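Using our numbering, the letters of the sequence shown map in sequence onto residues 4 to 470.
See below for the structure under consideration.
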Amino acid sequence: MSEIPLSGRSQPNSASRRDREYVLHPMTELNRHLDEGPLVIERGEGVYVEDDEGRRYIEGVSGLWSISLGFAQKRLAQAAWNQLNKLPSYHMFRFKSHNPGIELAERLIRIAPAPMSKVFFANSGSEANDTAIKLVWYYNNALGRPRKKKIIGRKGGYHGVTIAAGSITGLERNHRDFDLPIPGVLHTDCPHHWRFCLPGEDEEAFATRLAKNLEELIISEGPDTVAAFFAEPVMGSGGVIVPPRTYFEKVQAVLKKYDVLFVVDEVICGFGRLGDMFGTATYGLRPDMITVAKGLSSGYLPISALMISAPIWEACLAESAKIGVFGHGFTYSGHPVCAAVANETLKLYDEIDIVAAVRQVAPVFLEGFRTLADHPLVGEVRGAGLMAGIELVRDKKTKEPFPPDANIGLFIERRCEAHGAILRALGDVLTAAPPLVIAADQIRELQRIVGAALDDTLAFARRAKLI
Ligand SMILES: Cc1ncc(COP(=O)(O)O)c(C=O)c1O
């Protein structure tokens, strides 16, 4: 592991030292971090960020799939400044409201990809999904079905890290030693055809088998106990898993048959990432609830939302009439400054026609990355819109992965940094999801860097006798 390069982490300067002294870092190997220190990012402009020693990087994953309009969008800063000066903070509890929140809810309902009735605001994707879980339970209590409470997520799915949303997340790294998942949460198959298909099984047959497995799971648990199914249109943190042909059509038929609510997590896919305003449209989904975050404010300020359909709203109304206050909400639900920035973000998407912009460059992005499929280390290149995953394997033919302690994902991530791009390795899947405003020549630059990093990684794997 000593071979893993420390691009951008030269001398232990004071920021690096203080960071290690005081910060507990999210999603980080803590011991390695103490040894190696952080890459300290100072500023951003367009699709680039700069570290504290003046090195520039293409931000190839939009921060955490969120900074869709790139850095230094003056209009977003101005919207925040204006709102800070007018009403810097307020809440929406107990019959209070404010115009930025009202305007944002109205906008979201107007652009929602399926008929939705009301919007609940939160601060993160995790909180929006946690709220969805609570509403699934509230809804079934309202309907007098107190047993219908179990939630099904998918292996490889990611819905956040709070206790309930983190339970629906289907990734071992987010469960282990945190005592998750909680009881009542189940996980069905990961829809990754390339990795999990049987010999000779095409995408449609694979989708049929997965839908059948889902149905069997619901039957074995008892349909009167299964309340909801959560899915991302394209799985992000699970390694950019694009649904196989006919998958959602078949899954939705099962959900309908057993009266199971469908919660679509658009936290990554929403607002243009896949070349439609929502992944719900891309895959013909019929959600009962939709969660959004990240691109809602172009990642500039923390805000998320849960949209609910009319039947869910009516159940909330009925239950509240029976028991009184709807006892859920966050201090910063619909925070006016965050809402003002989100409103401006949605206006910008409209003005620059973000969907058309993504559609224009997506072929350069996907076809360019697909040319890397011939590289000796690459098992599969997959993606949709401006989202791609490059899965590294030890053996192309057998799809055998590298041993986890080879840390091949981290190696290539660091080599990308050394060549001037920030990408994210999820396990051994190198992922790219640049700001949606990226230009074709910047995409080519990103791909050149990934190609060079792949060659460096191949040389390393040979030297370390990993292949
Ligand atoms: C699909 C999806 N849902 C939910 C979340 C959780 O969002 P947050 O980190 O804002 O809680 C994420 C974060 O990456 C995500 O990718």
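Just so it is clear, CB atoms sit at the ideal spot from N, CA and C, and this is done for glycine as well.
Predicted, not measured: the structure shown is a model, and the values here were computed from it.
Is Val440 near ligand 1, in the sense that its beta carbon is under 7 Å from a heavy atom of that ligand? Residue mapping note: residue 440 aligns to position 437 of the sequence shown, counting from 1. Checking every heavy atom of ligand 1 against the Cβ of Val440, none is found closer than 7 Å.
Classification of Thr460 by the beta-carbon crowding that lies within 10 angstroms, buried from 16 upward: Along the sequence shown, one-based indexing puts residue 460 at 457. With 16 or more Cβ atoms within 10 Å of its Cβ, Thr460 is classed as buried.
Just the Cα atoms here: how many angstroms apart are Ser5 and Gly423? Within the sequence shown, residue 5 is the residue found at index 2, counting from 1. Within the sequence shown, residue 423 is the residue found at index 420, counting from 1. In this prediction, Ser5 has a pLDDT of 49, which is less than 50 and means its spatial position is unreliable; what the coordinates show is noted afterwards. Going from the Cα of Ser5 to the Cα of Gly423 covers about 21 Å.
Tell me the DSSP bridge mates of Thr374? Locating residue 374 in the sequence shown gives position 371, where the first residue counts as 1. Bridge partners of Thr374: none, in fact.
Three-state secondary structure (DSSP) of Gly49: Walking along the sequence shown from the start, residue 49 turns up at place 46. Here Gly49 sits in strand by DSSP.
Between the C-alpha atoms of Glu354 and Ile315, what's the straight-line distance to the nearest angstrom? By one-based count along the sequence shown, residue 354 stands at place 351. By one-based count along the sequence shown, residue 315 stands at place 312. Roughly 33 Å between the two C-alpha positions.
If you measure from the CB of Ala391, is any heavy atom of ligand 1 nearer than 7 Å? For the purposes of this step, residue 391 is taken as the residue at position 388 of the sequence shown. Incorrect: Ala391 has no Cβ contact closer than 7 Å to ligand 1.
Beta strand (DSSP E) segments (min. 3 residues) lying fully within the segment 197-276: 229-234 and 264-268
Closer than 8 Å to chain B by CB, Thr348: Chain labels in this structure do not include chain B; a single protein chain is all it has.
Taking only runs of the beta strand (DSSP E) that begin and end inside the segment 384-416, which ones reach a length of at least 3 residues, in chain order? 390-395
Which residue's Cα is closest to the Cα of Gly241: Glu106, Arg427 and Leu469? Numbered from its first residue, the sequence shown carries residue 241 at position 238. For Gly241, the nearest C-alpha among the options comes from Arg427.
Quick check: the Cα distance between Leu229 and Ile221, rounded to an integer number of angstroms? By one-based count along the sequence shown, residue 229 stands at place 226. By one-based count along the sequence shown, residue 221 stands at place 218. Going by the sequence as given, residue 229 is Val instead of Leu. When rounded, the distance between both Cα atoms is 7 Å.
Cβ contact check for the segment 198-215 and the segment 251-258: 3 or more pairs under 8 Å: yes
Would you say the beta carbon of Asp268 is closer than 7 Å to some non-hydrogen atom of ligand 1? As a working note, residue 268 is residue 265 in the sequence shown. Yes, the Cβ of Asp268 comes within 7 Å of a heavy atom of ligand 1.
Any chance the CB of Glu235 is under 7 Å from a heavy atom of ligand 1? Residue numbering aside, residue 235 sits at position 232 when the sequence shown is read from its first letter. Answer for Glu235: yes, Cβ within range of ligand 1.
Hey, is Val239 close to ligand 1, as in C-beta under 7 Å from one of its heavy atoms? Your numbering for residue 239 matches position 236 in the sequence shown. This sequence places Gly at residue 239; Val is not what is there. Indeed, a heavy atom of ligand 1 lies less than 7 Å from the Cβ.
Using 10 angstroms around the beta-carbon of Gly73, count the other beta-carbons present and answer buried if the total reaches 16, otherwise exposed. On the sequence shown, position 70 is the one that residue 73 refers to. By the 10 Å Cβ count, Gly73 comes out buried.
According to DSSP, residues forming a beta bridge with Ser307: Here the question's residue 307 lines up with position 304 in the sequence shown. DSSP lists Ala125 as partners of Ser307.
Could you please give the first and the last residue of the uninterrupted alpha helix (DSSP H) stretch that includes Lys153? Numbered from 1 along the sequence shown, position 150 holds the residue referred to as residue 153. Segment Lys153 to Arg157 is the beta strand (DSSP E) holding Lys153; no alpha helix (DSSP H) there.
Does the Cβ of Leu67 lie closer than 7 Å to at least one heavy atom of ligand 1? In the sequence shown, the residue the question calls residue 67 occupies position 64. Answer for Leu67: yes, Cβ within range of ligand 1.
To the nearest angstrom, how far is the alpha carbon of Ile415 from that of Ala456? On the sequence shown, position 412 is the one that residue 415 refers to. On the sequence shown, position 453 is the one that residue 456 refers to. In a straight line, the C-alpha of Ile415 is about 6 Å away from that of Ala456.
If I'm right that Pro437 touches Leu449 with Cβ under 8 Å, what's the distance once you round it to whole angstroms? Here residue 437 refers to the residue found at position 434 when the sequence shown is read from its first residue. Here residue 449 refers to the residue found at position 446 when the sequence shown is read from its first residue. Their Cβ separation, rounded to whole angstroms, is 7 Å, which keeps Pro437 and Leu449 in contact under 8 Å.
Go ahead and pull the three-state DSSP assignment for Tyr142. Translated into positions along the sequence shown, residue 142 becomes position 139. Three-state result, Tyr142: helix.
Keeping to the same chain, check which residues put their C-beta closer than 7 Å to that of Leu304; ignore five residues upstream and five downstream. Within the sequence shown, the letter at position 301 stands for residue 304. Taken in chain order, the residues that qualify are Ala83, Val340, Cys341 and Val344.
In three-state DSSP terms, what is Glu106? Along the sequence shown, one-based indexing puts residue 106 at 103. Here Glu106 sits in helix by DSSP.
Any 3 or more C-beta pairs closer than 8 Å across the segment 371-379 and the segment 127-134: no
Look up Met292 in the DSSP assignment and give the residues it is bridged to. As a first step, residue 292 must be located in the sequence shown, where it is residue number 289. Note: Met292 sits in a beta bridge opposite Val266 and Ile311.
Pull up the CB-CB distance for Ala308 and Tyr142, whole angstroms please, since I reckon it's below 8 Å. Numbered from 1 along the sequence shown, position 305 holds the residue referred to as residue 308. Numbered from 1 along the sequence shown, position 139 holds the residue referred to as residue 142. Between Tyr142 and Ala308 the Cβ distance is about 18 Å, and since that is not below 8 Å, they are no contact.
For ligand 1, is there a heavy atom less than 7 Å away from the beta-carbon of Asn216? Position 213 of the sequence shown holds residue 216. Result no, Cβ not under 7 Å from ligand 1.
Since Asn346 contacts Leu107 with CB under 8 Å, what's their CB separation in whole angstroms? As a first step, residue 346 must be located in the sequence shown, where it is residue number 343. As a first step, residue 107 must be located in the sequence shown, where it is residue number 104. Asn346 to Leu107, Cβ: 5 Å. Contact.
On the three-state DSSP scale, how would you describe Val453? Position 450 of the sequence shown, counted from the start, is the residue given in the question as residue 453. Residue state, collapsed to three classes: helix.
Does the Cβ of Arg417 have 16 or more other Cβ atoms within 10 Å, making it buried, or fewer, making it exposed? Here residue 417 refers to the residue found at position 414 when the sequence shown is read from its first residue. Flag for Arg417 reads buried.
May I have the straight-line CA-CA distance separating Arg466 from Arg248, to the nearest angstrom? Working through the sequence shown from its first residue, we reach residue 466 at position 463. Working through the sequence shown from its first residue, we reach residue 248 at position 245. Those two C-alpha atoms are separated by around 40 Å.
Anticipated Cβ contact below 8 Å, Val139 with Ile155, distance rounded: Taking the sequence shown and counting its residues from 1, the one referred to as residue 139 is at position 136. Taking the sequence shown and counting its residues from 1, the one referred to as residue 155 is at position 152. Going by Cβ atoms, the distance from Val139 to Ile155 rounds to 11 Å, so no, they are not a contact pair.
Taking 6 Å as the limit between beta carbons, can you name the residues of its chain near Ala313, skipping five residues before and five after? Working through the sequence shown from its first residue, we reach residue 313 at position 310. So the qualifying residues of the chain are Ser120.
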